[in-house]
Structures are given as structure tokens and as C-alpha cells.
Amino acid sequence: MLASTNAQDYLDYALQALETADGGFESLLDAMPVPVYVTDAEGMVTYWNKACVDFAGREPELGRDRWCVTWRIHTPADEHLPHDRCPMAIAVREKREIRGELAIAMRPDGSRKAFVPYPTPLFDDDGELSGAVNVLIDVSKEQADALAEQAERCRRLAAAICDRHTGEVLRAMATGYANNAAALRASHPV
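UniProt numbering puts the first residue of the sequence shown at 1, with every later residue one more than the last.
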């Protein structure tokens, strides 16, 4: 199995597994230590590995879950992100890779996980979209501190400005960042 913790290595491995001539990609993806799932061209989730279930805190529903395996998604500022606007949905609709995003998975038990998704469209031999694969990298521990720092920056900026409305927006952002930082720390004690 993969010894590397490099996200690109995991994605490359998943893509190679999906290209296996015998179609037996499931056993290869099941052995991966990171969450990976596959959708069809409409974004319906067609496969997920056990790491997805462990990560999301729920078993996805075949034929029902679209775009994502998580229960709910929030932004780092703790705003709800509808599944149809998540990075995988954009990747499928726009037929392009999405990189550099950070999201917070809301789990049914109330815990949260910060993650970086790597949604990547899949194309058939004719160049038509056939689906997509997504590798999720858990960055909860790193992001708990980063979000707490961002909350503090928002608070300092809010205290330094004179515009009341802007100050309210910054304080609300600080609250969102702080809520996510606290939830991530509670879900992943050091």
C-alpha cells in the first residue's frame, strides 16, 4: 500500500486503480488509508471506501447521495456550503479539477473534520465525462490552530476599524472561525 502521505500520490494511485483493465478497482481503493469516492457523470456517488465512512461518520446511500459523502459541509468561517456548491459538484459540472479548497465536514454526531478535497473528473476514450474521483485529506489538527489564529485576526481588525457594519461582519467571521477551531479541537484532542 502507499507509504507516502502526499495527496498527489494518493490521487495518482486512485486514478491508476480506476484504470485497471479488469475493473477490480474496489479492492485497490478499499486498501487506501484516506477517504476516496467515485461519482458518475451526474455526480451520484457510486463507490466509497471504508475510510470515507470513518471520515464522514456515516454510510453514504447509493442512489441518493450526490456530490459528496459527508452529511453536511461548512466553510472555514462556519457558513453552510450546500452540496451542490461543493468542490466535487463544481468539478463535475465544469469538467475540471478543483484544487486549493478547504472545507469542514459536519458529522451526524456533531463532530467536525477539516479536509482538503481533490475532485478530479474522469473522461472516457471519446473525451466525454464519465464521472469523477475525490480524495479527501484530513487536515483537522493543522486547521484547528490556523482557524483560531484567523478568528483572533478578525477580532483585532474589528476592534481597530470605525465602520460599525464592517466590525459586525468581522466579529461574525471571528465567531465562525472560533467555532470551527473549538469543534475541531474537541473532535481531535491533542
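Beta carbons are placed, not taken as given, at the ideal position from N, Cα and C, and that holds for glycine.
Quick caveat: nothing in here was measured; it's all calculated off a predicted structure.
Worksheet item: Exposed or buried, what is H74 when buried is set at 16 or more other beta-carbons lying within 10 Å of its beta-carbon?
Response: buried
Worksheet entry | Short CB-CB distance (under 9 angstroms) between V38 and chain C | Here chain C cannot be found, since the structure has a single protein chain.
Worksheet item: For I73, does the three-state DSSP call read helix, strand or coil?
Response: strand
Worksheet entry | Bridge partners - G131, DSSP secondary structure assignment | D40 and L122
Worksheet item: Tell me which same chain residues have a C-beta within less than 8 angstroms of the C-beta of T175, skipping the five on either side of it?
Response: D78 and A151
Worksheet item: How many Å lie between W67 and I90 at the Cα?
Response: 9 angstroms
Discussion item. Which residue marks the beginning of the beta strand (DSSP E) containing A114, and which one marks its end?
Written reply: R112 to P117
Discussion item. Am I right that P117 and E142 are in contact with their C-beta atoms under 8 angstroms? What's the rounded C-beta distance?
Written reply: In fact, because the Cβ distance is near 15 angstroms, the residues do not count as touching under 8 angstroms.
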